[in-house]
Every structure is written in structure tokens, then in C-alpha cells.
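Have a look at the structure below, then the notes.
Below you can see the structure in the form of C-alpha cells.
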């Protein structure tokens, strides 16, 4: 029937799409040779290097870390809000006073 033919052609399209669909890269090796990805990495991230020394002055180890270039972001363009998971001091004081009034136990984690 015509409905079966439509389903058959649709399933063929889905298979074709699945074969040629773009997959996001996962590892550095997948993007290392791509000029577009290298440009994006140069613009958006930065390596920070640090040499750690023993008390005797000998080199202990080399450290490297990758940081995002957050200092280049502009409010309202690159982000719209900032969240820092930090409790305000007056909130902590209120919780301590409530726990004292109600004989609640407080555990610091």
C-alpha cells in the first residue's frame, strides 16, 4: 500500500541521516587536526603552567591546568546571570540562632 511505501522511504531517510549526521567530538585527538576547532580552543581556553619545588629547591613536579577565558566574557552577551553557591553570613547566623532556640544539632560537613 501507499502508507507502507511512505514508511519504507521514511525509514530509509532516517538511516541515511544517521549515517551522515554530525557527531560532536569527544577527545582532543578527534579535533587536533581540525583548523576550526583549534581556533575555537585558542580563543576560549588558556593553559596555565606551574613548576612545584621541594623544600630543598629541587623540582618536585610540573603542573598544567586548562582554564576558561572567563575574563573575556561580557555580561548580557556571553552570560546573563552569575551563581555562586555561597551562603550569606546573616543566613548562617539565623540558622545558628534557630538551632540554639530549638535545641537542634548542627553538623558541619
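Numbering (the UniProt record's numbering), first residue to last: 1 to 109.
Ideal placement from N, C-alpha and C gives every residue a C-beta, glycine not left out.
Remember, predicted model here, so these are calculated numbers, not experimental data.
CB of residue i within 9 angstroms of CB of residue j, strictly
{"i": "residue 66", "j": "residue 37", "result": "no"}
{"i": "residue 52", "j": "residue 59", "result": "yes"}
{"i": "residue 97", "j": "residue 106", "result": "no"}
{"i": "residue 64", "j": "residue 44", "result": "no"}
{"i": "residue 41", "j": "residue 31", "result": "yes"}
Any non-hydrogen atom of the ligand GDP closer than 8 angstroms to residue i Cβ
{"i": "residue 54", "result": "The ligand GDP is not part of this structure, which contains no ligands at all."}
Per DSSP, cross-strand counterpart(s) of residue i
{"i": "residue 45", "result": "68"}
{"i": "residue 59", "result": "53"}
{"i": "residue 75", "result": "79"}
Cβ-based burial, residue i [other Cβ within 10 Å; buried from 16]
{"i": "residue 7", "result": "Note that residue 7 scores 48 on pLDDT, short of 50, meaning its location in the model is unreliable and no value can be drawn from it."}
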